[in-house]
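Chemist: Below is one structure. I have some questions about it.
In this note's numbering, the protein residues as written are 74 to 243.
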């Protein structure tokens, strides 16, 4: 049975060149842009490796953002001023092809939810936002927690902080 390290912040010591998840844009982003974006303060990427290696087998990236009222579910806008609503964005999540089907994606999402929950205790944020890449990704997220689709885009999913806290504390 494969044993994985806890997700950690991506560093130049992590080996990303062999990463392939089956979706070229995600592979390319990890290899070409993840460290650049992290150094620029645009995203923070967390990676997991097999216990005896620095080769990345899964990752996710977080960023901050704001959402206009018309893009958000009604539950999210109730009682909120007409300013952009602060969110944390799960910008990307992927698992190496050789490690798919082992619940690693679920574990990475869980780690992201815990990090978002902890950050939300310190900063103002209303929800976690995910831009699912396709129906398969959307279905994965919907099966994990009480995500709600945007009224204008079914692939844009929101998890209100109160629901996120419930999910983390289960």
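Glycine is no exception: its CB is placed at the ideal position from the N, C-alpha and C atoms.
Bear in mind that the values here come from a model prediction, so they are computed numbers and not experimental data.
(1) Please say whether residue 233 and residue 149 have beta carbons closer to each other than 9 Å?
(2) Run the CB neighbour count on residue 130, radius 10 Å, all protein chains shown included, and call it buried at 16 or more, exposed below.
(3) In its own chain, which residues sit with a C-beta less than 7 Å from the C-beta of residue 128, not counting the 5 before and 5 after it?
(4) When DSSP labels each residue in this structure, what does residue 150 get in the three-state scheme?
(5) Candidates 116, 125, 111: which alpha carbon is nearest residue 162's?
(6) Along the alpha helix (DSSP H) that carries residue 178, what are the first and last residues, could you check?
(7) I need the straight-line Cα distance from residue 105 to residue 136, nearest angstrom please.
(8) In chain order, what residues of the same chain have a beta carbon less than 8 Å from the beta carbon of residue 119, not counting five sequence neighbours either side?
(9) Quick check: the Cα distance between residue 152 and residue 238, rounded to an integer number of angstroms?
(10) Kindly list the residues whose CB is nearer than 6 Å to the CB of residue 228, restricted to its own chain and excluding five residues on each side of it in sequence; keep chain order.
(11) For residue 79, name the three-state secondary structure that DSSP assigns.
(12) Classify residue 155 as buried or exposed, calling it buried when 16 or more other Cβ atoms lie within 10 Å of its own Cβ.
(13) Name the one or two DSSP bridge partners that residue 162 has.
(14) Let me know the alpha helix (DSSP H) ranges lying completely inside the stretch 86-117, each 4 residues or longer, listed in chain order.
(15) With a threshold of 7 Å on Cβ separation, who are the neighbours of residue 102 within its own chain once the five nearest residues in sequence on each side are excluded?
Modeler: Based on what the coordinates show:
(1) Locating residue 149 in the chain shown gives position 76, counting from the first residue. Locating residue 233 in the chain shown gives position 160, counting from the first residue. Yes, the Cβ-Cβ distance between residue 149 and residue 233 is below 9 Å.
(2) On the chain shown, position 57 is the one that residue 130 refers to. By the 10 Å Cβ count, residue 130 comes out buried.
(3) Counting from one through the chain shown, the residue named residue 128 turns up at place 55. The residues are 88, 91, 122.
(4) If you number the chain shown from 1, residue 150 lands on position 77. In the structure shown, residue 150 sits in a helix (DSSP, three-state: H, G or I).
(5) Residue 162 sits at position 89 when you count from the first residue of the chain shown. Residue 162 has its Cα closest to that of 116, out of 116, 125, 111.
(6) Start at 1 with the first residue of the chain shown, and residue 178 comes out as number 105. 177-193 is the extent of the alpha helix (DSSP H) around residue 178.
(7) Taking the chain shown and counting its residues from 1, the one referred to as residue 105 is at position 32. Taking the chain shown and counting its residues from 1, the one referred to as residue 136 is at position 63. So the two alpha carbons sit approximately 17 Å from each other.
(8) In the chain shown, the residue the question calls residue 119 occupies position 46. 80, 81, 82, 83, 132, 133, 134, 135, 181, 184, 185, 188.
(9) Position 79 of the chain shown, counted from the first residue, corresponds to residue 152. Position 165 of the chain shown, counted from the first residue, corresponds to residue 238. Their backbone Cα atoms lie some 20 Å apart in a straight line.
(10) Position 155 of the chain shown, counted from the first residue, corresponds to residue 228. Only 205, 211 meet the Cβ criterion.
(11) In the chain shown, residue 79 corresponds to position 6, counting from 1. DSSP places residue 79 in coil when its eight states are reduced to three.
(12) Within the chain shown, the letter at position 82 stands for residue 155. Label assigned to residue 155: exposed.
(13) The sequence position of residue 162 within the chain shown is 89, counting from 1. In the DSSP assignment, the residues bridged to residue 162 are 136, 202.
(14) Counting only runs that start and end inside the stretch 86-117, the alpha helix (DSSP H) elements of at least 4 residues fall at 97-101, 107-112.
(15) Along the chain shown, one-based indexing puts residue 102 at 29. Closer than 7 Å at the Cβ level, and outside the excluded window around residue 102, lie 165.
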